[in-house]
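Residue numbers (this note's numbering): 7 to 248. Cβ atoms here follow ideal geometry from the backbone N, Cα and C, with glycine treated the same way. Owing to the predicted nature of the structure, the values given are computational and were not obtained by experimental measurement. I have placed the structure first, in the form of structure tokens, so that the comments after it can refer back to it.
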């Protein structure tokens, strides 16, 4: 396989009409300015992503996942990535609080807040308007509507899943790719891309942002995977009883 891209968290290999995502045993924060080795993180993130992509497909959310081909690697559909990030927020946290100081941390929004960001580390993934994306030729208005609708559906599904194990799903970042004239979710779904509070503790990368403790983050990702597997078991049992 040919290495076609290497990012902060993954290496991407070409396999014909498919790609292989290899998750690294590294953790970064603040656009890569903080970086540490994190043994086993790659396998934990890959396994959780595989489980959550499979779950989303089961509830009707199309995505690029095909198979987990190694403990730290996923085979996925090859798409043309859209250089945007769609963030769905259920509660106020992170960068939202920096731009809106009138809202208290963890304030429950009256409805989910959907943000659009340009995916560009050098510019620190700035918040942009939908018209910016259209004027820049990044996506059409119809595509943005589809991305927003899919992001909301996926976020609500994940929130429902984790609520079954009494965890609070705060927010999530999604990325999209084009293939065959349609859009689908790509990248990963893990503690690197969402915030989750369980018993008041972060089981996501926010812990590393606050502490710089990579080993502690890996411990939390182990717990996160166990909790997700428990939630998925509840979901699957519920489906069988219907």
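Proximity of residue i and residue j at Cβ, strictly below 9 angstroms
i: residue 24; j: residue 82; result: yes
i: residue 168; j: residue 233; result: yes
i: residue 52; j: residue 79; result: yes
i: residue 171; j: residue 237; result: yes
i: residue 113; j: residue 185; result: no
i: residue 227; j: residue 58; result: no
i: residue 133; j: residue 105; result: yes
i: residue 149; j: residue 122; result: no
i: residue 220; j: residue 47; result: yes
i: residue 159; j: residue 222; result: no
Of the listed residues the options, nearest to residue i (C-alpha basis)
i: residue 166; options: 221, 146, 207 and 96; result: 96
i: residue 118; options: 80, 151 and 157; result: 157
i: residue 33; options: 215, 115 and 231; result: 215
i: residue 218; options: 10, 38, 12 and 110; result: 38
i: residue 13; options: 205, 193 and 241; result: 193
i: residue 76; options: 68, 11 and 27; result: 27
i: residue 63; options: 211, 150, 8 and 161; result: 161
i: residue 208; options: 190, 176 and 134; result: 176
i: residue 29; options: 230, 195 and 241; result: 195
i: residue 130; options: 101, 65 and 138; result: 101
i: residue 42; options: 163, 229, 15 and 231; result: 15
i: residue 241; options: 67, 163, 111 and 98; result: 163
i: residue 174; options: 11, 65, 56 and 99; result: 99
i: residue 191; options: 86, 136 and 203; result: 86
i: residue 204; options: 229, 198, 180 and 120; result: 229
Nearest-angstrom Cβ-Cβ length linking residue i and residue j, presumed shorter than 8 angstroms
i: residue 50; j: residue 224; result: 7 angstroms
i: residue 187; j: residue 88; result: Wrong, their Cβ atoms sit about 14 angstroms apart, outside the cutoff.
i: residue 211; j: residue 45; result: Contact flag wrong, Cβ pair sits at about 16 angstroms.
Assigned secondary structure, residue i (DSSP; H/G/I helix, E/B strand, else coil)
i: residue 116; result: strand
i: residue 99; result: coil
i: residue 13; result: coil
i: residue 125; result: coil
i: residue 190; result: strand
i: residue 154; result: helix
i: residue 141; result: helix
i: residue 136; result: helix
i: residue 230; result: helix
i: residue 203; result: strand
i: residue 179; result: strand
i: residue 25; result: strand
i: residue 68; result: coil
i: residue 61; result: helix
i: residue 49; result: helix
i: residue 93; result: strand
i: residue 88; result: coil
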